[in-house]
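Report on one structure; see the data block that follows.
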Amino acid sequence: SDQGNVLGITVAGHHYALFAPTGSDWNISGSTITAGLGSKDYFSLAVLPSTDALATYRKYAFSFVTGSQVAWQTTGGNVRATYSLTTEAKEGSERGTLQALYRHQWLHTSDALTPYTYVSPRGTMKVRESATFTTSQKNNGVVPALPASSGVDKARLTGYLNEVANASDPFSGATDTYWTGKALGRLAQLVPVADQIGQTATRDKLLGLMKGRLQEWFTAGGASEFSYDKDWKTLTGYPASYGSDTELNDHHFHYSYYVYAAAIIAQYDQAWVADSAWGTMIKHLIRDTANASRTDSAYPFLRGFDVYAGHSWASGHQGFA
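Pasting the structure below:
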């Protein structure tokens, strides 16, 4: 479909629309498509869900997205999130736009959606004709451990717990942030198990192991420590691993184990996690990976967490996003 400055094409069964500034014209020569933009410095391209979507997409072709933000609030265990785009009208006065919603978004919105859809690795995406949409989801919270089972074999569990607590190296040789984190996570998961079956001495020994290792990491100058980089506004653990220092990879992977271990400790020793003790350091780990403040000058907002995709990206530079 050639409509002067608007060109609709189909390649290998996929439909596209090219929009040049008003007054321009698309020229096709073999496999080459060109358009003179005149004094303008813009054009737009759309992947069409179907050929009949061209008219709708043409309406918003020159409403360019310039920014985005998500605002949320929690009430009674429910999270209400509003996704908003800001736009600039390159031509005319249209400031609306089109957005493709992931399945985890359109399942939880009552906002009107168009009949247009896309196929994605994460399921069907549905198109909304607006610069905003709102989702509402129940937040069930996270429990630190499952409740005890009435049919548990306490003797057998006690044996397993003792194997770990009395091992010559409960951290299995871990030295870097990732493998130390996994070892901390393993020990932390065993603490409530020991508590539930009445093995308080073993529970306290596990807590002591975690405290000791965390305190080593939270103290500067030793074999392991966290160091703040003011240029990248990040906290990096050394010894690092898997590019956590050179590419800022996986901070939320690594540090979540430390935070989880500290949370388990807090259930039994709140003084240990006081800000005057080790709590401030734990909060730094949280701010590095999941900082909810847009005004924090020490760490970026949410770091690698993608509020639209609904997860964090493992790659620190997010080149694969």
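The numbers in the sequence shown follow the working numbering, run straight up by one, and end at 1799. We put the beta carbon where it would ideally sit given N, CA and C, even for glycine.
Query raised in the report: Hey, would you say residue 1607 sits closer than 7 Å to residue 1576, going by beta carbons?
Result: yes
Query raised in the report: Which residues does DSSP pair with residue 1606 in a beta bridge?
Result: 1577
Requested in this report: Could you tell me the distance, in whole angstroms, from the CA atom of residue 1748 to the CA atom of residue 1664?
Outcome: 21 Å
Report task. Under 6 Å Cβ to Cβ from residue 1564, same chain only, skipping five residues before and after it: list those, please. Result -> 1544 and 1545
**Report entry** Close beta carbons around residue 1706, own chain, < 6 Å, minus the five adjacent residues each side
**Finding:** 1713
Query - Residue from 1758, 1539, 1514 and 1599 whose Cα sits closest to the Cα of residue 1526 - result: 1539
Query raised in the report: Name the DSSP beta bridge partners of residue 1562, please?
Result: 1547 and 1610
Query raised in the report: Quick one: what's residue 1524 bridged to in DSSP?
Result: 1495
Requested in this report: Can you tell me which of the three DSSP states residue 1674 falls into?
Outcome: helix
Requested in this report: From the DSSP output, in three-state form, read off residue 1598 for me.
Outcome: coil
Query raised in the report: How many whole angstroms separate the CB atoms of residue 1760 and residue 1669, which I take to be in contact at a CB cut-off of 8 Å?
Result: Contact doesn't hold; Cβ gap of about 16 Å is too wide.
**Report entry** Three or more C-beta pairs below 8 Å linking the segment 1635-1643 and the segment 1670-1687
**Finding:** yes
Report task. Identify every run of the alpha helix (DSSP H) within the segment 1734-1770, keeping only runs that are complete inside it and at least 4 residues long; order them along the chain. Result -> 1758-1768
Query raised in the report: Do you know how far the Cα of residue 1504 is from the Cα of residue 1568?
Result: 19 Å
Query raised in the report: Between the Cα of residue 1653 and the Cα atoms of 1724, 1494, 1489 and 1703, which residue gives the shortest distance?
Result: 1703
Query raised in the report: Is the beta carbon of residue 1711 sitting closer than 7 Å to the one on residue 1778?
Result: yes
Query raised in the report: According to DSSP, which residues form a beta bridge with residue 1489?
Result: 1492
Query - For residue 1696, the three-state DSSP class (helix, strand or coil) - result: coil
Query raised in the report: Excluding five sequence neighbours on each side, which residues of the same chain lie with their C-beta closer than 6 Å to the C-beta of residue 1524?
Result: 1495 and 1535
Query raised in the report: What is the DSSP secondary structure of residue 1796, reduced to helix, strand or coil?
Result: coil
Query raised in the report: Helix, strand or coil: how does DSSP classify residue 1572 here?
Result: coil
Query raised in the report: What separation, rounded to the nearest whole angstrom, lies between the Cα atoms of residue 1485 and residue 1513?
Result: 10 Å
Requested in this report: Mind the definition here: the segment 1716-1725 touches the segment 1596-1610 only if three or more C-beta pairs lie below 8 Å; say whether that holds.
Outcome: no
Query raised in the report: Which partner residues of residue 1537 appear in the DSSP bridge assignment?
Result: In DSSP, residue 1537 forms no bridge with anything.
Query raised in the report: residue 1512 lies in the beta strand (DSSP E); which residues open and close that run?
Result: 1510-1513
Requested in this report: Assess, as a yes-or-no matter, whether the segment 1781-1797 is touched by the segment 1765-1773 under the definition of 3 or more beta carbon pairs within less than 8 Å.
Outcome: yes
Requested in this report: Please name the residue, chosen from 1735, 1482, 1753 and 1510, that lies closest to residue 1501 on a Cα-to-Cα basis.
Outcome: 1482
Query raised in the report: If you drop the 5 nearest sequence neighbours on each side, which residues of the same chain put their C-beta closer than 7 Å to that of residue 1701?
Result: none
**Report entry** Which residues DSSP lists as bridging residue 1556, in chain order
**Finding:** 1553 and 1616
Query raised in the report: So, are the CB atoms of residue 1623 and residue 1738 less than 7 Å apart?
Result: no
Query - Cβ-based neighbour list, residue 1720, same chain, cut-off 7 Å, excluding 5 preceding and 5 following - result: 1656, 1727 and 1728
Query - Spatial neighbours of residue 1774 in its chain, beta-carbon cut-off 7 Å, leaving aside the 5 residues before and after - result: 1765
Query raised in the report: According to the Cβ coordinates, are residue 1613 and residue 1559 closer than 7 Å?
Result: yes
Query raised in the report: Relative to the C-alpha of residue 1499, which residue among 1529, 1491 and 1537 is closest?
Result: 1537
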